[in-house]
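Since the structure comes first, as structure tokens, the remarks are kept for the end.
Chains as they are written, first to last, in this note's numbering: chain A, 191 to 642; chain B, 191 to 642; chain C, 5 to 433; chain D, 5 to 433.
Structure representation (structure tokens):
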């Protein structure tokens, strides 16, 4: 079912205009020996009805579960209006807004996105999105190195998501940038300040400050930011944007605020959807604006003095500056930023606050109930946002498998990345969970622990 | 979660303008004794997240089945584009196009709908839709009686859907219109012409001519139309619109064509959806145009001579003519007509033909395979569209229940409405069914018959 | 009643399982759907103060048909066959008399008093042994609450007639007053108005009917029924919905042998009903009261402001309900600008025009209904637009008389449309 | 490549089960999703003639990064550490040099010959023991097929370098020629171009990479793996998909220890990949060949017609591939109307402007790519618009220079935007 509208008469008239006998002649500059394009593994085409049937069968294989995993991708309620608006062709299928005059809708939404993200993080500026939080962290590191000019080391706490550290390393190591890991305090799950002090000096460009960290625990962000600045390094805030409805904005951390705030935008209206598309956000202080990677929308005037929006600071970008660009990124996740903008506009500051608070309260309640089960305890007793680490009296993989058999995703097994934590699982209960969902978790966990 | 945007300051300013102290004062003309509006059975409001959860749980109770029931509501593939376009707010939430200048999109679509339906039925005119096929049949009968002026009887074959006969009777009997049923020939399942001849005379206003009839069988529509006209009565064609991609259009039945064509529009792009909303279509010859009920869109010119569309012939309608209107109908199923228009435009004449042909072929194949099972036979061997009656060697309700337990909706039990057909089920296999679906039907039917 | 249609209503009614189910699949395979409709019936009973609700009718007009058909069935079942007339106020919607005729009744119109209420003397004179019933909207089409409703119901009931409530204006009193408490015997509700299902450019709607106890046997079928089986008995398809052995099934001819029958092939506009159900659950009891309160607040505010702007209020001494009428008669006398001109000029200013020339009692009238979902900001913008038009009527009447200027077409020739019918496209010869 | 995005791709990728699944849920709970991705990998391998495909990269630029990172990993794994340069033709997309730098390479640009092909002498002079690889698009950004591709690949390979294929123009050769057969070692594909996933106003895209056998160990992870277990062994979550005991699982660090690693937290832009998969299944092998054929037919037709209309063709003696370049230099010399002016005036005529001023080799250039989904009717309308602009340039140049006239804003001040940065809204002081 190719989407080609030509009639036979069209084809003939077009070939006549070109002066070719048949369509095949248009490929006559391709060396004959190369014309081996025959597709042997691509199946025959199907009509829409057949593909719809196939996809429904595939989808039916993917069972619905009661989900208590977070770990960087969070199940939140997304109002129906968000995706019904985003799915309109005007947003959905639009080209990159290079022709600004014909793209004011897309551009204004992105300008509003930048405004909201800067407001949420307390920073001066935002770009128009990056691919995701993990690759966004890498871009923040590259920015910091460009800004620092001499150092090529970045300090990163082990309390940052292992997958984020892995992605960042994949990207920045090709520019000979080294990530130095700072261990966490076994008692609190937060960055070990004594270990950090051992890295004092001016040979690193930035310290990454996660809030909340991968364990859901709240770091002492003020102290960490102050310390980084005292070493002549930048502070890169790695934040869950929803948590900022409750927590202090990175722009107010320490005496002068973090320099860059970066993170995963998915909690702001993007469905879990097997992991993507999500989007990364990146905000910064005014001084760093021209070091930002990615597209940026600016407000300006037209030739009649009327306000309008356009892509700006393109001189940073690869299509102008080529080898000297701040990054090679061009496509971003504009549609996801559009969804987030609508989500934030629908909820408002109060709605974001209530969502964050409900998520926090649910996780706190779940942890408290879980600790009522013999042998279950929280690994880190301190303040948290909406995730906690539970230590179990049995091997985590086996318990989680038993819970799965009961339709419950009981959390993320931490044994691979943090063997020192023992039988630990990372658990998250967002605002989507009801009291009876929490009870079901407890019941299923208890039963799974009691099973032989 | 009421959808009310007022701030407290708004409310106060508005009350000040009105000169009222509180909102409650605005209800002060209502006698105090009547203010007993307290709602006791309406549950407390829920937020969207909670209602979404509730509805997902409800939906999960309604199991997906392999469906072989038709009987007036048909499972066809609807291209994804249809409802993605229809769901756009411009169509979805628009008001009735009374302000024509601001409603040209809605009006043009309905004009195109009228054009396509008139073309499909071979008639001169179409209205802009009615509620559904069954109530549409009643409107066609009322039209015929208005046109005939003296007779208040309508002849209707027993091969018309029982539920259509029931609905039509509910509606027309209040105007003292009598429906006279004509039996069907036990051998063919089509209208018994000898019995029809007994009704000859000029005391009836119309003969209803179903094509295909309720059993999926093809009636001798030319002969029936001719006969009705010879009696001075109108011929009302009751047709499946999709079948008209293959069969002769009502406008060409007999010597001069049927006078009114009416039916259920659901096969043209409307999902099964538990039975509604669907839409009825009603087309007629030029002479009857001013007898049509319902909204009609006309093409006209604006004050600058530019073509445009507007509701027309409103003098027939209740808001102008009140007690003398052709019907009390005002709301119709405009959005469904919009969907059908897009569906027909996407498929084109060729696509409709292929859909109809595939449905016919699937049902024929299913019937042939079913007849390979001992004791199963087709009740009526003649030509059919995409439904057939199968007679089983065991009580139909019990067999269907066993098939249901295997996830197959095996057909409609005819024993209530047509006990004379024995253990009969009405079966339909549209273009949505694959060869393996048909095989599954046969396997499950065979197993169900063999079970004790 | 054109108000915000929550998007969640659409997406939840279009869940794949609801979209795929065949209407003739056994009840056991549609318990979730049936549960929703059963609960919607219960909600609508409470809202209207009625003893029973049928969701069958596919629009308001079909709801009216069902209502009057039930009145007729009631009288006939009692052998009370001499009742041949339905009384309708002259301010009523045109569907009211049209429906009465479709149900085989003669129509008797009665007049409206100066204050907008029904003329009680006219009503007393109209009723008699031939009276089958009275059709009334309250709040009325004039946008005011019929104060004498108790007297009216007594007059009609004393004469042996029944009272029909046209629910077009139910939005005004949701959760505030119940038609059942006013003494009505039957009501239809426009779910596409009060319960905010989308209008779709003219439909589909939904016109559920509610009835007083004496009309219960006559309700149109099918109804969603809730069955509680004796404990221990196994019920196919039953489930957790109500705890224990609760399940749902359609009630049909067998359950209601006196029913006026079926009005659609299946269950009316099922998908519209699901949307209304979702809306009702979102609002809940508290939300419904707020609907009436803010619809009324908005209407009274707009009325006050437009009065100040110079427009003549049809009933300046009455409260507006959810809607109200202004007359442009004075403006027309002064400037030649009619209600129609104002309506067309409003299109240029980004507002869909209100209903014009209905009800016919008020010259050059505009019937304005803001609904509860419009903000003060929007209302103020509307007032500003109306003021601009007032000024333009005096300073540049030609501009207003030739409006709209910003739409795809200019004013269309309706007369030509009706005289030279062009209803289907034909290729140029 | 902006072509029609089939609506079915959207609705099927947004089925509730796909939308609800957490990326860290066990593989056993995502077999349907994994099966789709596995099959998409296989389809893309076939289309590109490559030995392996990874779907990880989230856009073309990240695909480029992955490709060059693999080239670097390959050389490093062999201990071939002296290769510090990537060669890039001067006509290349700006992402090519930017990517090379992100991967720690120096960039060496080589020039283009008069006929639009790479200057082979320049290439021979450029390669050496320092050459890590060459980045090339074929068809090139000039809209022509690089005829000497076989010679090019030999020069680079003989020098020990690898060949990178920028898949931005894959639409032109889908099912006709495979980059693998041309001798490329690695390719990225813009699925949001060739496989028609929506652009979304600038993203998300998807930039899958394909590799020759020698780069297989270095692919970015995770990959979708298909596991056939020995008969009789019970596999959790396995199913009917491939018959017998077939199931799917993610291949990770453990399976590819030499991988360049992860580039996204999860599986790239999973939902975009599902859309591309649906598109591929709709088209099938035959449909893909037709994509290339009709994209090429449309481009050559438009080129012929615009040439007749007076526009200067950049390479009049070459076939257009799926796109071609016209130069407005003559028009500018005659009338002062630039490529930019033409682009802005096209907006007034209902057409999104083509790319302007890229590639930089051609003065006042417009790079025009109609794609296969535009009808002859649309192409003719575009030609008519371009002719009108040609005429306006001579008769009313001011009209063209001040275009657009029909958009919400007139021409915007880009210089002011960059100088007086206003990136977030601030309340008026």
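Glycine is no exception: its CB is placed at the ideal position from the N, C-alpha and C atoms.
Residue i Cβ short of 6 Å to the ligand ATP heavy atom set
i, result
"residue 559 of chain B", "Here there are no bound small molecules, and the ligand ATP is not part of this structure."
Per-residue burial, residue i [other beta carbons within 10 Å of its own, 16 or more giving buried]
i, result
"residue 273 of chain D", "buried"
"residue 402 of chain D", "exposed"
"residue 597 of chain B", "exposed"
"residue 340 of chain B", "exposed"
"residue 321 of chain C", "exposed"
"residue 218 of chain B", "exposed"
"residue 383 of chain A", "exposed"
"residue 429 of chain D", "exposed"
Within-7 Å CB hit, residue i to chain C
i, result
"residue 149 of chain A", "Only positions 191 to 642 of chain A appear in this structure, which leaves residue 149 of chain A out of reach."
"residue 198 of chain B", "no"
Interface flag, residue i vs chain D, CB-CB below 7 Å
i, result
"residue 274 of chain B", "yes"
Which of helix, strand or coil DSSP assigns to residue i
i, result
"residue 169 of chain C", "strand"
"residue 416 of chain B", "helix"
"residue 192 of chain C", "strand"
"residue 333 of chain A", "helix"
"residue 5 of chain C", "coil"
is_contact[residue i, chain A] using C-beta, thresh 7 Å
i, result
"residue 368 of chain B", "no"
"residue 25 of chain C", "no"
"residue 15 of chain C", "yes"
"residue 87 of chain D", "no"
"residue 239 of chain B", "yes"
Chain B within 7 Å of residue i, Cβ atoms only
i, result
"residue 267 of chain A", "yes"
"residue 12 of chain D", "yes"
"residue 47 of chain C", "yes"
"residue 245 of chain A", "no"
"residue 282 of chain C", "yes"
"residue 239 of chain C", "Confidence in residue 239 of chain C is poor, its pLDDT being 44 and thus under 50, which makes the residue's placement unreliable; the coordinate value appears in the next sentence. By this cut-off, residue 239 of chain C is not an interface position."
Candidates the options: closest to residue i by CA position
i, options, result
"residue 453 of chain B", "B/439, B/517, B/492", "B/439"
"residue 314 of chain A", "A/240, A/418, A/477, A/367", "A/477"
"residue 652 of chain A", "A/464, A/423, A/443", "Any property of residue 652 of chain A remains undetermined from this structure, which presents chain A solely from 191 to 642."
"residue 228 of chain C", "C/93, C/257, C/356", "C/257"
| message | Count Cβ pairs between the stretch 331–347 of chain A and the stretch 307–314 of chain A that sit closer than 8 Å; are there 3 or more? | response | The answer is no - the stretch 307–314 of chain A does not touch the stretch 331–347 of chain A, with fewer than three Cβ pairs under 8 Å.
| query | Is the stretch 206–223 of chain D touching the stretch 182–198 of chain D, taking contact as three or more C-beta pairs under 8 Å? | reply | Yes, they touch.
| query | Using 8 Å as the threshold, is the stretch 487–502 of chain B in touch with the stretch 41–53 of chain C, meaning 3 or more CB pairs across them? | reply | By the C-beta criterion, the stretch 487–502 of chain B is judged not to be in contact with the stretch 41–53 of chain C, since fewer than 3 inter-stretch pairs fall below 8 Å.
| field | Inter-stretch contact at 8 Å, needing at least 3 Cβ pairs: the stretch 608–625 of chain A / the stretch 228–243 of chain A | value | Under the Cβ criterion (8 Å, minimum of three pairs), the stretch 608–625 of chain A does not count as touching the stretch 228–243 of chain A.
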